[in-house]
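In the numbering used here, the protein residues as written are 2 to 225.
Note that CB positions come from ideal geometry on N, CA and C, so glycine has one too.
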């Protein structure tokens with residue numbers, strides 16, 4: 002049971018998605034998966050001015066490639082690191098132009114697995130901080146847990162990218178823990194983490210986003 006606290010899916014686990022070689026677990030060892038080896042510099046989509054991928058009005062960048070392969074993943078069509086089309090300077094300039102709109106709160110990184118596409122995302126996030134400072138926030142989803150990212154031996158580019166991220170939604174999607182009332186998450190094992198506060202003491206449990214507000218399933222006062 003202790004291993005499940007890190008959302009471990011063994012090769013025969015029912016939460017394991019299709020098309021994964023039986024010898025491969027989606028509970029990677031520290032440093033086993035890296036952007037340098039896996040990323041093809043591809044993106045699946047870019048969407049402007051949404052209100053579903055985090056707080057406020059946002060722009061969302063979907064990178065290609067994810068080896069976690071969670072069962073009933075809503076984006077399994079972009080598990081392949083070769084899916085989509087190449088990330089370009091033209092697209093980056095468009096993202097910056099969109100973020101400059103006063104009503105846009107920030108950028109959201111999704112996928113695919115953002116932390117396995119750091120070659121694309123690190124330069125982008127650095128540019129955002131250079132041009133906007135912290136007037137625009139950066140959210141990211143990841144299949145990694147916070148504890149996995151903090152392990153000794155994890156690739157340093159992941160931690161470098163985390164230092165530019167304000168809010169991280171962590172953990173694999175687990176269909177048995179699905180709850181449609183969760184805010185910005187698909188399953189109850191996932192957490193919304195305040196990254197800057199958590200990095201102050203990275204070996205402690207992560208600090209949960211202070212604005213977390215899941216919907217109530219039953220409100221007795223309404224029914225007397």
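**Item:** Euclidean distance between Cα positions of residue 50 and residue 206
**Value:** 33 Å
**Request:** Just list the beta strand (DSSP E) runs in the region 90-128, keeping only unbroken ones of 3 residues or longer that don't cross its boundaries, in chain order.
**Result:** 107-111
**Asked** Is the beta carbon of residue 88 sitting closer than 7 Å to the one on residue 44?
**Response** yes
**Reference residue 200, options 169, 124, 131 and 74, closest by Cα** = 169
**Message:** Just to confirm before moving on: does the CB-CB distance between residue 36 and residue 120 stay below 7 Å?
**Reply:** Yes. Within cutoff.
**Asked** What is the DSSP secondary structure of residue 39, counted as helix, strand or coil?
**Response** helix
**Item:** Residues of its chain near residue 173, where Cβ-Cβ distance is below 6 Å and the 5 sequence neighbours each way are ignored
**Value:** For residue 173, where only same-chain residues beyond five positions count, the Cβ hits under 6 Å are 8, 69, 71 and 144.
**Asked** Roughly how many angstroms lie between the CA atoms of residue 75 and residue 186, to the nearest whole one?
**Response** 12 Å
**Item:** For residue 147, the first and last residue of its enclosing alpha helix (DSSP H)
**Value:** Run containing residue 147: 147-150, per the alpha helix (DSSP H) assignment.
**Prompt:** Where do the ends of the alpha helix (DSSP H) carrying residue 72 lie?
**Reply:** Residue 72 -> no alpha helix (DSSP H), and no H or E assigned at all.
**Prompt:** Would residue 115 pass as a contact of residue 64 if the rule is Cβ separation under 7 Å?
**Reply:** Yes, the pair counts as a contact, with Cβ atoms nearer than the cut-off.
**Request:** Using only alpha-carbon positions, find the residue among 106, 171 and 167 that is nearest to residue 53.
**Result:** Minimum Cα distance to residue 53 is reached at 106.
**Message:** Helix, strand or coil for residue 50? Go by DSSP, reduced to three states.
**Reply:** Looking at residue 50 - three-state DSSP - the assignment turns out to be strand.
**Prompt:** Given that a residue counts as buried once 16 or more other Cβ atoms are within 10 Å of its Cβ, and exposed if not, what is residue 85?
**Reply:** buried
**Message:** Helix, strand or coil for residue 29? Go by DSSP, reduced to three states.
**Reply:** coil
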